[in-house]
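Undergrad: In the working numbering, the protein residues as written are 17 to 258.
Shown next, in the form of structure tokens:
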């Protein structure tokens with residue numbers, strides 16, 4: 017039986033109009049199927065100069081429930097190669113400079129989330145595990161000591177299966193692909209940035225970088241800290257312009 021597979025999106029992959037992402041969405045996703053679902057997410061990855069040293073979204077096993085978007089892939093999965101092709105296309109959308117066929121880098125990777133109420137053929141699961149085992153840097157996504165691992169050795173994302181925000185019912189797909197990125201956690205910063213740090217980074221940056229927060233919000237992507245962030249963030253349109 018063909019499998020219905022989607023992508024769980026927690027950031028600019030949903031709305032970015034540059035870097036080849038519109039073409040990926042057009043070719044690979046049924047955007048009309050996009051639904052708001054639950055996900056444990058927060059702002060936690062410190063970006064570089066290209067995003068003004070501001071924060072982007074990450075999965076976090078201790079995060080409060082946020083809202084993400086689940087979007088079904090345009091084509092069902094029949095063979096292991098079908099799943100791997102979707103994963104490679106997703107990573108290319110996440111990292112346009114990536115070499116063809118990659119699904120990870122030192123700062124993030126594509127992971128798989130399986131519906132616990134569905135039976136996924138063993139050949140699909142084995143092919144995924146074999147593939148991630150050959151990928152350099154795979155699964156290097158830091159969590160705090162309290163959280164433990166986010167991605168296991170098989171390439172599974174270790175969070176609960178999403179539920180529809182509107183009804184609380186589980187999402188009716190067989191598998192979800194996600195991009196999970198490494199947050200700004202290390203020995204010198206053992207916890208996630210707080211609201212003041214997150215909002216302060218946007219307030220110190222120019223206007224275009226703060227748009228990441230506002231565009232997420234207007235596209236239905238939010239974290240458990242959004243109200244607190246909004247209270248500290250400069251109002252939209254009043255950010256720095258130089």
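The beta-carbon is built from N, C-alpha and C at its ideal position, and this holds for glycine as well.
Who are the near neighbours of residue 134 in its chain, counting only those whose CB is closer than 7 Å to its CB and skipping five residues on each side?
TA: Result list for residue 134: 190, in chain order.
Undergrad: Rounding to the nearest angstrom, what Cα-Cα distance links residue 157 and residue 19 in this structure?
TA: So the two alpha carbons sit approximately 27 Å from each other.
Undergrad: Please confirm if the segment 100-112 is in contact with the segment 22-39, defined as three or more CB-CB distances below 8 Å between the two stretches.
TA: Touching, yes.
Undergrad: If we define contact as Cβ-Cβ less than 8 Å, is residue 120 a contact residue for chain B?
TA: Among the protein chains of the structure shown there is no chain B, as only one such chain exists.
Undergrad: Go ahead and label residue 196 buried or exposed: buried means 16 or more other beta carbons lie within 10 angstroms of its beta carbon, across all protein chains shown.
TA: So residue 196 ends up on the buried side.
Undergrad: From what residue to what residue does the alpha helix (DSSP H) around residue 109 run?
TA: Looking at the DSSP string, the run of the alpha helix (DSSP H) that includes residue 109 is 96-110.
Undergrad: What does DSSP give as the partner residues of residue 71 in its beta bridges?
TA: Residue 71 is bridged to 62.
Undergrad: Inspect the beta-carbon positions of residue 99 and residue 140 and report whether they are closer than 8 Å.
TA: Result yes, Cβ atoms of residue 99 and residue 140 sit closer than 8 Å.
Undergrad: Under the assumption that residue 154 contacts residue 125 (Cβ atoms under 8 Å), give the Cβ distance between them as a whole number of angstroms.
TA: Correct: roughly 5 Å between the Cβ atoms.
Undergrad: Please go through the same chain and pick out, in chain order, the residues whose beta-carbon is closer than 7 Å to the beta-carbon of residue 105, but skip the five residues on each side of it.
TA: Hits under 7 Å: 40, 44.
Undergrad: If we call anything under 8 Å between Cβ atoms a contact, is residue 252 one with residue 54?
TA: Result no, Cβ atoms of residue 252 and residue 54 do not sit closer than 8 Å.
Undergrad: My parser needs the alpha helix (DSSP H) runs of 4 or more residues fully inside the segment 126-150; what are they?
TA: 138-149, all fully within the segment 126-150.
Undergrad: How should residue 50 be labelled, buried or exposed, when 16 other C-beta atoms within 10 angstroms of its C-beta is the threshold for buried?
TA: By the neighbour-count rule (16 or more Cβ atoms within 10 Å), residue 50 is buried.
Undergrad: What does a CB cutoff of less than 7 Å around residue 60 pick up in its chain, not counting 5 residues either side in sequence?
TA: Hits under 7 Å: 71, 74, 76, 199, 200, 208, 209.
Undergrad: Taking all protein chains shown into account, decide if residue 142 is buried (16 or more other Cβ within 10 angstroms of its Cβ) or exposed.
TA: Looking at its Cβ environment, which holds fewer than 16 other Cβ atoms inside 10 Å, residue 142 is exposed.
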